[in-house]
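Written out below as structure tokens is the structure these notes cover.
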Amino acid sequence: MMNLACWAVPIRDGYVLRADRSTATILRAAPARSPQFWGWRIALIQPQSQQFSAPLAARAAVLALDYVRLAGGAAPTDESPRRRRAAIWMEVALGLALIVASGGHWVPALAGAWLVTGRRWVRSFLQIDAQVPSAPAAPAQSPLVSSEAHAGLAQIERSMRDVEDDAAAYALGAVQARGEGLDEAAEIYEALSSGTHPAMLPPHVGFWVANETMHDPWRLALPAPAAATDDAT
Amino acid sequence: MQDSDPNAQFIDAFVVPTDTGSAVLIDTDFRRLDADAGPFQIALYSRLPLSMGELAVIRARVEADLFAHAVRTAAEGRRWVLALLTGVIELGVLGVLLAFLFLNREPVHAVVVWAAPLGFLPGLAYVWRTVAGRQAGARARSTLELGELLPNTAVGRDGDSLARLRDLWRIAEQPDEPRDLMRLERVARERVQWPAAARFYRELANAPSTTAPRGRLSWPRALARLRRERPHPLTHLTARSR
């Protein structure tokens, strides 16, 4: 299975879920891998919240990762198309120059023809430049989602808790996230500190999920009051 | 963090000091990993305890770099015998052309003699790369077919690696010395003798490569140094606060 990471960045009313920046690269490479590894093992990166429920957040996490899969670009290649085009143009120009300068002699004309078209034709005929075959990849198995506490994210959440004003709290969160090297979280806080409502965040920034969706009431840190009532009776 | 898998091939991840805190450096040549021998596992060398979330992020980033590198490299040397054949044809054409030009000396041919290598050398270089990269290509294809990065992280236990990391931190944390990237690069290169870390700091500082050696035979020495510090994929996560 592929090891993917999805950030659950804490905000005032819930979390914003966003795929880690490695996700796009992993999913772009997936079609070249064997289909047995196409499953997703998602680590939900969250602050150390007792009430955070990975199963409840799983659907939103899959949505965030699937957005990256669908918006993903081309597969990684070893040479940029621009560089390749420049090399081809240089070969063709030199080949034509050789043909023109040949003055009717067959040897330079042959060398020019080799440069203009011969080399590329031989390579394509022998399929020397053929890429490794790949098929379109979609997760065939249901994703495995686990919840992993992140110390830096927890520290940011704690420091934001002390600030009453929302915009100021998000601005502080953005600065701290940059300092911690958490660029994904910083971008979310920067967007929110400008007054954007979490529901209006663009999908490339993240997906908002409210507290009531993410928090599992059956996992409260304190025991339910029902036990005390039973003792009194 | 769990114990290592007995069959696993380790990808060494080091938490190294930086000017603003610490960062993760992956010091493993992906071209040498062979998925036929077993799954891959991250071996973490760190003085600081990392949370599970941080480990998960490191794992995802390493997975991304590992398989992107495999996709880029997989086509290398795939049909190297055929590529070698085209190289021989190319050399033949170049040889016949040069022989013709020398036998029929005319003023215009002087220009062609200088221009011909520009057209033919890239093709020959391509053939050379294909033949030289046939093993790396085979390993990359094996990584794509069989490779899996294990979901747990092992504790790094290699003595040399531990010693290098300890020395780097000890020097970085000397209270009377500044902790900037240039100094860390110098320390990594000269005192700790860790070329990958030196290159990592250079990349982190976004600085141009170090100056070429001076004096006689400077370019072969520069080439030898480049080969010694042969770049291999480096993953790094930027700073955790101090």
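Just so you know, the sequences run in chain order A and B. Position one of the first sequence corresponds to residue 3 (this note's numbering), numbered consecutively onward. Position one of the second sequence corresponds to residue 392 (this note's numbering), numbered consecutively onward. C-beta atoms are modelled at their ideal positions from N, C-alpha and C, and glycine is treated no differently. As the structure is a prediction and not an experimental result, all values here were calculated from the model.
Checklist line | Rounded straight-line distance, which links the Cα of B/R590 to that of A/L224 | finding: Interpretation of A/L224 is limited by its pLDDT of 45, a score under 50 that renders its predicted location unreliable; the figure taken from the coordinates is listed afterwards. A/L224 and B/R590 have their C-alpha atoms some 51 Å from each other.
Item checked: One or two residues paired with A/G16 in a DSSP bridge -> For A/G16, which the question treats as bridged, DSSP gives the partners A/I13.
Checklist line | Best match in B/F458, B/R577 and B/R530 for proximity to B/G423 [C-alpha to C-alpha] | finding: Looking at the sequence provided, one finds Arg at residue 423 of chain B rather than Gly. The residue with the shortest Cα to Cα distance from B/R423 is B/R530.
Notebook entry, point to check: In whole angstroms, what is the alpha-carbon distance linking A/L29 and B/L476?
Noted result: Cα to Cα, A/L29 sits roughly 36 Å from B/L476.
Margin query: Between which residues of its own chain and B/G524 is the CB-CB distance below 6 Å, once the five residues before and five after are set aside?
Written below: Listed in chain order, the non-local C-beta contacts of B/G524 below 6 Å within the same chain comprise E467 and G468, local neighbours out to five positions each way being set aside.
Note to self: Which runs of the alpha helix (DSSP H) at least 4 residues long sit entirely within the stretch 507-547 of chain B? Give them in chain order.
What the structure shows: Correct list: 525-537.
Check: So which residues of chain A does B/E445 contact, with C-beta pairs closer than 9 Å?
Finding: Near B/E445 (Cβ distances below 9 Å), the residues of chain A are I47, E150, H152, A153 and G154.
Check: For A/P145 and chain B, any beta-carbon pair shorter than 8 Å?
Finding: Closer than 8 Å: no.
Note to self: Along the chain, where does the beta strand (DSSP E) containing A/W210 start, and where does it finish?
What the structure shows: Per DSSP, A/W210 is one residue of the beta strand (DSSP E) stretching across F209 to V211.
Next item on the list: On the DSSP bridge assignment, give the partners of A/L203 in chain order.
Entry: According to DSSP, residue pairing for A/L203 in a beta bridge does not occur.
Checklist line | Closer than 7 Å at the beta carbon, the chain A residues around B/P542 | finding: By Cβ distance, chain A contributes N5 and R43.
Notebook entry, point to check: Between A/N213 and the rest of its own chain, which residues show a CB-CB distance below 7 Å, the 5 nearest in sequence each way excluded?
Noted result: Answer for A/N213: D15 and G16, listed in chain order.
Item checked: B/P566 - containing alpha helix (DSSP H), residue span -> That residue, B/P566, is in no alpha helix (DSSP H); it is neither H nor E in DSSP.
Item checked: Per-residue burial, B/T409 [other beta carbons within 10 Å of its own, 16 or more giving buried] -> Classification for B/T409: buried.
Next item on the list: Determine the burial state of A/W91: buried for a count of at least 16 other Cβ atoms within 10 Å of its Cβ, exposed for fewer.
Entry: Per the 10 Å Cβ criterion, exposed.
Next item on the list: Measure the Cβ-Cβ separation of B/I417 and B/V462 and say whether it is below 8 Å.
Entry: Not closer than 8 Å, so no.
Notebook entry, point to check: In whole angstroms, what is the alpha-carbon distance linking A/I130 and A/A173?
Noted result: For A/I130 and A/A173, the distance between alpha carbons rounds to 54 Å.
Notebook entry, point to check: Who are A/R43's beta bridge partners in DSSP?
Noted result: Answer by DSSP bridge pairing, in chain order: A/N5 and A/L146.
Next item on the list: Name the residue from A/A45, A/R20, A/P12 and A/V70 whose alpha carbon lies nearest to the alpha carbon of A/A31.
Entry: Minimum Cα distance to A/A31 is reached at A/V70.
Item checked: Interface flag, B/A506 vs chain A, CB-CB below 8 Å -> Chain A, which has a Cβ nearer than 8 Å to the Cβ of B/A506, makes this yes.
Item checked: Any chain A beta carbon closer than 8 Å to B/P498 -> Chain A, which has no Cβ nearer than 8 Å to the Cβ of B/P498, makes this no.
Next item on the list: Would you please verify whether the beta carbon of A/I101 is less than 8 Å from any beta carbon of chain B?
Entry: No, A/I101 lies away from the interface with chain B (no Cβ there is under 8 Å from its Cβ).
Next item on the list: Rank A/P49, A/I13 and A/A66 by C-alpha distance to the C-alpha of A/D22 and give the top, closest one.
Entry: Considering only alpha carbons, the answer is A/A66.
Checklist line | Under 7 Å by beta carbon: chain A residues contacting B/V448 | finding: Those are A7, D22 and I47, listed as they occur along chain A.
Checklist line | Through-space distance from B/G550 to B/T601, alpha-carbon basis | finding: Its pLDDT being 46, under 50, B/T601 is placed unreliably by the model, and nothing is read from it.
Item checked: Alpha-carbon spacing of A/Q48 relative to A/L19, whole angstroms -> Here the alpha carbon of A/Q48 sits roughly 10 Å from the alpha carbon of A/L19.
Margin query: List, from N- to C-terminal side, the beta strand (DSSP E) runs of 3 residues or more that fit wholly inside the stretch 426-455 of chain B.
Written below: Taken in chain order, the complete beta strand (DSSP E) segments of 3 or more residues contained in the stretch 426-455 of chain B are 431-436.
Checklist line | Chain-ordered chain A contacts of B/R452 [CB-CB under 7 Å] | finding: Within chain A, S24 have C-beta atoms less than 7 Å from the C-beta of B/R452, given in sequence order.
Next item on the list: Select from the stretch 29-41 of chain A all residues with a C-beta closer than 7 Å to any C-beta belonging to chain B, and list them in chain order.
Entry: Within the stretch 29-41 of chain A, the qualifying residues are A31, A34, R35, S36 and F39.
Next item on the list: Answer with buried or exposed for A/W123, where buried requires no fewer than 16 other C-beta atoms within 10 angstroms of its C-beta.
Entry: Result: exposed.
Notebook entry, point to check: When burial is assigned at 16 or more other CB atoms within 10 Å of the CB, is B/A587 buried or exposed?
Noted result: Here B/A587 is buried, its C-beta having at least 16 other C-beta atoms within 10 Å.
Notebook entry, point to check: Along the chain, where does the alpha helix (DSSP H) that runs through A/V124 open and close?
Noted result: Element bounds for A/V124: R121 to F127.
Next item on the list: Spatial neighbours of A/D185 within its chain, please: CB distance less than 6 Å, with the 5 preceding and 5 following residues excluded, ordered by chain position.
Entry: Annotation for A/D185: no residue places its beta carbon closer than 6 Å to its own, counting only its chain and skipping 5 residues before and after.
Next item on the list: State buried or exposed for B/W505, treating a residue as buried only when at least 16 other CB atoms are found within 10 Å of its CB.
Entry: Exposed: under 16 other Cβ atoms inside 10 Å.
Next item on the list: Classify A/W108 as buried or exposed, calling it buried when 16 or more other Cβ atoms lie within 10 Å of its own Cβ.
Entry: Per the 10 Å Cβ criterion, exposed.
Notebook entry, point to check: Going along chain B in order, which residues have a C-beta closer than 9 Å to the C-beta of A/G97?
Noted result: In chain order: G510.
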